[in-house]
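Below is one structure, written out as structure tokens, with a few remarks after it.
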Amino acid sequence: MKARGRVFKYQDNVDTDVIIPARYLNTSDPGELAKHCMEDIDKDFVKNVRPGDLIVAGKNFGCGSSREHAPLAIKASGVSCVIASTFARIFFRNSINIGLPIIECDEAVKGIEAGDEVEVDFDAGIIKNITKGTTFSTQPFPVFMQRIIRAEGLINYIKG
Amino acid sequence: MGMTMTQKILAAHAGLDKVVPGQLIEADLDLVLGNDITTPVAINEFNKTGLDRVFDKSKVAIVPDHFTPNKDIKAAEQCKKVREFACRMEIENYFEVGEMGIEHCLIPEKGLAVPGDLIIGADSHTCTYGALGAFATGVGSTDMAAGMATGKCWFKVPSAIKFVLKGKPQGWVSGKDIILHIIGMIGVDGALYKSMEFMGDGLKNLTMDDRFTMANMAIEAGAKNGIFMVDERTIEYVKEHSTRPYKVYEPDEDAVYDQVYEIDISKIRPTVAFPHLPDNTRTIDEVGDIPIDQVVIGSCTNGRIEDLRVAAKILRGRKVKKGVRVLVFPGTQEIYLQALREGLVEDIVRAGAVFSTPTCGPCLGGHMGILAKGERAVSTTNRNFVGRMGHTESEVYLASPAVAAASAITGRITDPDKL
Numbered sequence: 002m003k004a005r006g007r008v009f010k011y012q013d014n015v016d017t018d019v020i021i022p023a024r025y026l027n028t029s030d031p032g033e034l035a036k037h038c039m040e041d042i043d044k045d046f047v048k049n050v051r052p053g054d055l056i057v058a059g060k061n062f063g064c065g066s067s068r069e070h071a072p073l074a075i076k077a078s079g080v081s082c083v084i085a086s087t088f089a090r091i092f093f094r095n096s097i098n099i100g101l102p103i104i105e106c107d108e109a110v111k112g113i114e115a116g117d118e119v120e121v122d123f124d125a126g127i128i129k130n131i132t133k134g135t136t137f138s139t140q141p142f143p144v145f146m147q148r149i150i151r152a153e154g155l156i157n158y159i160k161g
Numbered sequence: 032m033g034m035t036m037t038q039k040i041l042a043a044h045a046g047l048d049k050v051v052p053g054q055l056i057e058a059d060l061d062l063v064l065g066n067d068i069t070t071p072v073a074i075n076e077f078n079k080t081g082l083d084r085v086f087d088k089s090k091v092a093i094v095p096d097h098f099t100p101n102k103d104i105k106a107a108e109q110c111k112k113v114r115e116f117a118c119r120m121e122i123e124n125y126f127e128v129g130e131m132g133i134e135h136c137l138i139p140e141k142g143l144a145v146p147g148d149l150i151i152g153a154d155s156h157t158c159t160y161g162a163l164g165a166f167a168t169g170v171g172s173t174d175m176a177a178g179m180a181t182g183k184c185w186f187k188v189p190s191a192i193k194f195v196l197k198g199k200p201q202g203w204v205s206g207k208d209i210i211l212h213i214i215g216m217i218g219v220d221g222a223l224y225k226s227m228e229f230m231g232d233g234l235k236n237l238t239m240d241d242r243f244t245m246a247n248m249a250i251e252a253g254a255k256n257g258i259f260m261v262d263e264r265t266i267e268y269v270k271e272h273s274t275r276p277y278k279v280y281e282p283d284e285d286a287v288y289d290q291v292y293e294i295d296i297s298k299i300r301p302t303v304a305f306p307h308l309p310d311n312t313r314t315i316d317e318v319g320d321i322p323i324d325q326v327v328i329g330s331c332t333n334g335r336i337e338d339l340r341v342a343a344k345i346l347r348g349r350k351v352k353k354g355v356r357v358l359v360f361p362g363t364q365e366i367y368l369q370a371l372r373e374g375l376v377e378d379i380v381r382a383g384a385v386f387s388t389p390t391c392g393p394c395l396g397g398h399m400g401i402l403a404k405g406e407r408a409v410s411t412t413n414r415n416f417v418g419r420m421g422h423t424e425s426e427v428y429l430a431s432p433a434v435a436a437a438s439a440i441t442g443r444i445t446d447p448d449k450l
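From first to last, the protein sequence lines stand for chains C and R.
Counting in this note's numbering, the first sequence runs from 2 upward without gaps.
Counting in this note's numbering, the second sequence runs from 32 upward without gaps.
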């Protein structure tokens, strides 16, 4: 399984309140949520994001609230993968559970800038910065996580 | 190698004699919790399973508290969906407006969390119940759905940080100041994926309300859970609120901790977290001149009776500064009634504050106290992220009820001792 696209880059401690502000939590429809994804940290994100693009950020990405609406909004906006130095734990669980691929790789975060073209091979654990011609290796997902992501989430995986 | 309190609870619920950090386990759940924001997403997922019942209708709790009383039509639709689900599944612990409260004040009050329990909740502040010596952690909606379906959840066993507290808080210092001090010290990811375990002689000087406030904010240091050693005060609280059997877990003498902090809580000063992260802390002596527009006293962090007593004590016989809005939110209907009986509501209202029904509303910028561009609030809540309480150019300063109430009088962030 692979992802490829351009990078939106953010700093440390991106919280779930800026990923999807609470004022939009009166719906659970992913498409509606995606219309406001990252709105409070990057007003242009929704306008500029294209299917396949990646988010790359510093440490503790997704801290704060347990709202699953945050990874749902990111996934529905077309983002194919989030790479961060570290993730907040509830966000990490939620992303896997809804089938949004996420990777912890501090070296890649340091070696990737906004706008770079990046390709991720999840099964091999390889991140390629096509723009800069650099490669980073990371832990491949364990098989059960690959299956959850392919099934587009935990519940489908359990059912399957 | 011995086990921490958290590891012992996880092992017991996974049917194992021993667990080690990093181990993946599947554990039995004593309670699965959700609110009106997270439960609708969980219902969508639960319905995909095709099941027509939850694993145990006495072990699921649903509390519509975030956007209730319904703030708009969409919120009303979400609450309706939750209500119908709770009715169809015969959920015993569904709490409608009128009997509800802010979930993390309500669940302990109703006796639904006791020492040794393993609890997941689709709300990040579920870690509050660690104050009772339970393992409680926040999860997302899909985990809630799987928990309702199976009564189980998988966990990676966490390592832990030990906080040995000694001394007695001085003056107006409360659990809120202690936990803000700790978060300021270790950072918003200082306990990422880990347990924060609180023990030491100083515990005897912390009330249950202090401990609920501290465990509540473990998530603000990135922790998986915060947990307190059980003592006589915990047992007294549990016996008063619950008839459920409980089990006390203590760490092994040779339990391994990643770090150990010894903290003299008698030295901690009233502490304020500046925008826009809870670890951006200063003592009240370092705050400087910060004029404010709004004060919020309440929430799952500081909406308990002692919090209201402190606020009322400071507001009693004084007047809120002209131009400042002061909003007070009790945690539950029981706390509301207690505040009425003690005359606290009258003190608060006479001072010029409003006294609301329980709701999470303003804490997360939902309703009942949204900030405009450029406005500043002192709040006893738990997060001060960008846009948390309203406009992205508004600011939230986190503080104790004492500092918040004192600030309401002067219109700037104020040391209660200087009133």
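Cβ atoms here follow ideal geometry from the backbone N, Cα and C, with glycine treated the same way.
8 Å Cβ cutoff met for residue i and residue j
i	j	result
R:P309	R:R414	yes
R:T411	R:S438	no
R:E424	R:R407	no
R:D61	R:L163	no
C:D54	C:F9	yes
R:K88	R:E115	no
C:I20	C:A74	yes
R:K187	R:L55	yes
C:N129	C:G112	Sequence check: residue 129 of chain C is Lys here, not Asn. No; because the gap between Cβ atoms is not below 8 Å, this pair is not in contact.
R:P393	R:T363	no
C:G100	C:E153	yes
R:F98	R:H422	no
R:R300	R:V376	no
R:F259	R:R275	no
C:N98	C:L155	yes
Assumed close pair residue i, residue j - CB separation to whole angstroms, cut-off 8 Å
i	j	result
R:N333	R:T441	Actually they are not in contact, since the Cβ atoms of R:N333 and R:T441 sit about 20 Å apart, beyond 8 Å.
C:V57	C:I84	5 Å
C:K60	C:S86	4 Å
R:L466	C:A23	Chain R is shown only over 32 to 450; residue 466 of chain R falls outside these bounds and no answer can be derived.
R:E57	R:V94	The Cβ separation is near 26 Å, so there is no contact.
R:Q325	R:G400	7 Å
R:V359	R:S387	7 Å
R:I210	R:D289	That pair is no contact at about 19 Å.
R:M34	R:V50	7 Å
R:D59	R:K183	6 Å
C:A109	C:T139	7 Å
R:D169	R:S155	The question names Asp, yet the displayed sequence has Gly at residue 169 of chain R. Confirmed, about 4 Å.
C:D18	R:G418	6 Å
R:G257	R:F229	7 Å
R:A384	R:L346	7 Å
6 Å CB neighbourhood of residue i in its chain, flanking five on each side removed
i	result
C:S96	P72, I103
R:A435	V326, I328, V409, T411
C:I91	S67
R:Q109	D67, P71
R:G215	D310, T312
R:E212	Residue identity differs from the one stated: residue 212 of chain R is His in this sequence, not Glu. Cβ within range, chain order: I299, T302.
Close beta carbons around residue i, own chain, < 7 Å, minus the five adjacent residues each side
i	result
C:I131	E118, V119, E120
R:E76	S172, T173, A176
R:K112	P71, I74
R:A42	M34, D48, K49, V50
R:D320	R443
R:E281	M36, M260
C:F137	C106, E108, A109, G112, I128
Contact test: residue i Cβ vs the ligand HEM heavy atom, cutoff 7 Å
i	result
R:M245	As for the ligand HEM, it is missing from this structure, which has no ligand bound.
Chain-order list of residues whose beta-carbon lies under 8 Å from that of residue i (same chain, five-residue window excluded)
i	result
R:A73	G65, A153, S172, T173, M175, A176, M179
R:Y160	H135, I138, P139, A144, D148, I150, A167, A246
C:S135	Position check: residue 135 of chain C holds Thr in this sequence, whereas Ser was assumed. If we look at C:T135 and ignore the five residues flanking it on each side, its Cβ neighbours are G112, K129.
Could you say if the region 101–113 of chain R and the region 136–152 of chain R meet the contact criterion of at least three C-beta pairs nearer than 8 Å? Taking 8 Å as the limit for Cβ pairs, the verdict is that the region 136–152 of chain R does not touch the region 101–113 of chain R.
Pairs of beta-carbons, one from the region 193–200 of chain R and one from the region 224–242 of chain R, closer than 8 Å: are there three or more? Taking 8 Å as the limit for Cβ pairs, the verdict is that the region 224–242 of chain R does touch the region 193–200 of chain R.
For the region 11–24 of chain C, which residues have a CB atom closer than 7 Å to at least one CB atom of chain R, in sequence order? If the cut-off is 7 Å between Cβ atoms, the region 11–24 of chain C has N14, D16, D18, V19, P22, A23, R24 near chain R.
Contact residues within the region 94–117 of chain R, judged by C-beta distance below 7 Å to chain C: Within the region 94–117 of chain R, the residues whose Cβ lies closer than 7 Å to some Cβ of chain C are F98, D103, K105, A106, Q109, listed in chain order.
Kindly confirm or deny that the region 117–129 of chain R and the region 221–231 of chain R touch, where touching means at least three C-beta pairs closer than 8 Å. By the Cβ test, the region 117–129 of chain R is not in contact with the region 221–231 of chain R, since fewer than three Cβ pairs between them sit closer than 8 Å.
Near-chain C residues of the region 165–189 of chain R (beta-carbon distance less than 7 Å), N- to C-terminal order: Residues of the region 165–189 of chain R with a Cβ closer than 7 Å to any Cβ of chain C, in chain order: G169, V170, G171, S172, T173, D174, A176, A177.
Chain C contacts from the region 134–160 of chain R (Cβ-Cβ distance under 9 Å): Flagged, chain order: G152, A153, D154, S155, H156, T157.
Going along the chain, which residues of the region 26–48 of chain C sit with their C-beta nearer than 8 Å to a C-beta in chain R? From the region 26–48 of chain C, only L26, N27, T28, S29, D41, I42 have a Cβ closer than 8 Å to chain R.
Closer than 7 Å, Cβ to any Cβ of chain C: which residues of the region 219–251 of chain R, in chain order? So the list reads V219, D220, L223, Y224, given in the order they occur along the chain.
Please list, in chain order, the residues of the region 409–433 of chain R that have any C-beta partner in chain C closer than 7 Å. The region 409–433 of chain R vs chain C, Cβ under 7 Å: R414, F416, V417, G418, R419, T423.
Which residues, taken in chain order from the region 65–83 of chain R, show a beta carbon closer than 7 Å to some beta carbon of chain C? Listed in chain order, the positions of the region 65–83 of chain R with a beta carbon within less than 7 Å of a beta carbon of chain C are I68, T69, P71, V72, N75, E76, K79, T80.
Residues of the region 378–397 of chain R in Cβ contact with chain C at a cutoff of 7 Å, in chain order, please. Cβ contacts with chain C come from L395, G396, G397.
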